[in-house]
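Residue numbers (our numbering): 50 to 384.
From the three backbone atoms N, C-alpha and C, an ideal C-beta is built for every residue, glycine too.
Right under this line is the structure:
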């Protein structure tokens with residue numbers, strides 16, 4: 050009872066929100082790259098908020114199901130096909146034993162996610178099921194999936210109420226220039242006024258040096274006062290380091306726990322998905338906001354998720370029409 054990996058795609062791993070509490074021992078948090086798409090994938094099928102999913106990059110996997118289950122596919126548009134027919138994204142999909150789901154190349158975005166109502170049979174390691182490939186721990190044998198791998202399900206859950214209502218709008222991931230909102234610091238005082246002006250006023254390009262650890266950008270030189278080397282200190286998700294070459298590097302899920310380059314700013318959490326769904330040569334700009342504004346954006350996103358839950362937990366138009374028809378027929382018979 051589970052899934053068989055017919056083709057693993059470019060890089061498919063098991064991920065959740067990450068392995069927290071161990072950075073002081075040198076273990077990266079890891080976890081999903083696009084937390085918004087991950088959250089929506091679990092929300093669509095009433096999974097626990099931190100339930101593990103499959104995350105795939107640029108080219109998706111092909112899966113064979115050995116039991117009935119319900120899935121949801123979110124993230125970039127990987128043009129999913131179920132048994133040879135196009136399958137909807139951002140929608141709860143009932144799949145049967147023997148069905149084959151194929152994810153192609155990303156038409157938009159870069160990362161995609163599949164959640165499963167029967168939960169993946171993956172052991173918890175240090176409080177998380179996420180894959181840390183650098184340390185070879187967590188996930189499926191501490192590595193990315195390979196052709197022929199098999200992952201079982203933990204439970205049998207093949208029914209969800211309001212099934213026809215479980216669909217949301219597809220996220221198109223605007224492929225034009227993206228503006229990332231940042232909170233300046235903690236070491237923005239290491240840069241000149243001209244350097245900060247360059248950082249906030251220039252256009253940067255996503256390079257091919259872009260993976261789960263970080264994204265290196267190309268663009269104008271950011272001037273520092275006396276070099277950007279500092280005594281190593283902690284690094285958080287979205288930290289924007291500026292090494293001696295003066296080009297920003299944004300650190301992501303598999304980032305190192307400490308670093309010795311000055312961090313000019315930190316990308317706010319709600320904008321990380323904008324970055325990770327970029328591709329090589331896409332353009333990025335930065336906009337400074339306050340901590341209070343960043344917190345307000347986070348609260349707004351939580352409210353948005355709550356509205357999504359309400360949307361999928363109410364009868365859809367088709368169900369309401371059926372109920373109205375049934376009531377009219379009942380009244381006719383009663384009269």
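Element boundaries [beta strand (DSSP E), containing residue i]
i           : result
residue 158 : 157-165
residue 204 : Counting along the chain, residue 204 falls outside any beta strand (DSSP E), and DSSP gives it neither H nor E.
residue 245 : Counting along the chain, residue 245 falls outside any beta strand (DSSP E), though it belongs to the alpha helix (DSSP H) covering 242-250.
residue 325 : Residue 325 -> not in any beta strand (DSSP E); alpha helix (DSSP H) instead, spanning 321-325.
residue 401 : Since the first residue of the chain shown is 50 and the last is 384, residue 401 is not available in this structure.
residue 272 : That residue, residue 272, is in no beta strand (DSSP E); it is neither H nor E in DSSP.
residue 142 : 141-144
residue 126 : 118-126
residue 53  : 51-56
residue 310 : 307-310
residue 337 : 332-337
Separation of residue j from residue i, as counted between CA atoms
i           : j           : result
residue 304 : residue 218 : 31 angstroms
residue 284 : residue 345 : 23 angstroms
residue 132 : residue 52  : 15 angstroms
residue 220 : residue 275 : 43 angstroms
residue 321 : residue 85  : 9 angstroms
residue 211 : residue 137 : 17 angstroms
residue 290 : residue 298 : 5 angstroms
residue 391 : residue 350 : The displayed coordinates of the chain run from 50 to 384. Any statement about residue 391 would go beyond what the structure contains.
residue 348 : residue 355 : 11 angstroms
residue 240 : residue 222 : 32 angstroms
residue 112 : residue 214 : 25 angstroms
residue 295 : residue 282 : 19 angstroms
residue 359 : residue 352 : 11 angstroms
residue 313 : residue 179 : 29 angstroms
residue 246 : residue 266 : 17 angstroms
residue 242 : residue 334 : 18 angstroms
6 angstroms CB neighbourhood of residue i in its chain, flanking five on each side removed
i           : result
residue 161 : 105, 109, 124, 125, 127
residue 155 : 107, 125, 127
residue 302 : 79, 80, 82, 261
residue 143 : 119
residue 203 : 168, 170
Residue range of the alpha helix (DSSP H) that includes residue i
i           : result
residue 193 : Segment: none, residue 193 is in no alpha helix (DSSP H) and carries neither H nor E.
residue 71  : Counting along the chain, residue 71 falls outside any alpha helix (DSSP H), and DSSP gives it neither H nor E.
residue 346 : 340-361
residue 88  : 84-93
7 angstroms CB neighbourhood of residue i in its chain, flanking five on each side removed
i           : result
residue 9   : Outside the displayed range of the chain (50 to 384) lies residue 9, so it cannot be described from this structure.
residue 369 : A caution first: residue 369 carries a pLDDT of 49, below 50, which makes its placement in the model unreliable, though a value can still be read off. Within the same chain, residue 369 has no close Cβ partners at all.
residue 257 : 329
residue 244 : 271, 272, 273
Same chain, Cβ closer than 8 angstroms to residue i, neighbours up to 5 away in sequence not counted
i           : result
residue 280 : 309
residue 278 : 293, 309, 310, 311
residue 69  : 78, 176, 177
residue 198 : 53, 54, 57, 189
residue 139 : 89, 93, 121, 122, 123, 216, 217, 218, 219, 220
Reference residue i, options the options, closest by Cα
i           : options            : result
residue 176 : 87, 282, 78, 267   : 78
residue 317 : 228, 271, 216      : 228
residue 192 : 59, 245, 130       : 59
residue 114 : 243, 166, 159      : 166
residue 288 : 93, 324, 112, 71   : 324
residue 72  : 195, 121, 286      : 286
residue 207 : 326, 118, 238      : 118
residue 92  : 120, 75, 116       : 120
residue 75  : 254, 326, 184, 169 : 184
(message) For the structure I just gave you, are there three or more beta carbon pairs, one from the segment 328-346 and one from the segment 232-246, closer than 8 angstroms?
(response) yes
(message) Between the segment 58-77 and the segment 325-337, can you find at least three pairs of beta-carbon atoms closer than 8 angstroms?
(response) no
(message) Within 8 angstroms, do at least three Cβ pairs link the segment 146-153 to the segment 84-101?
(response) no
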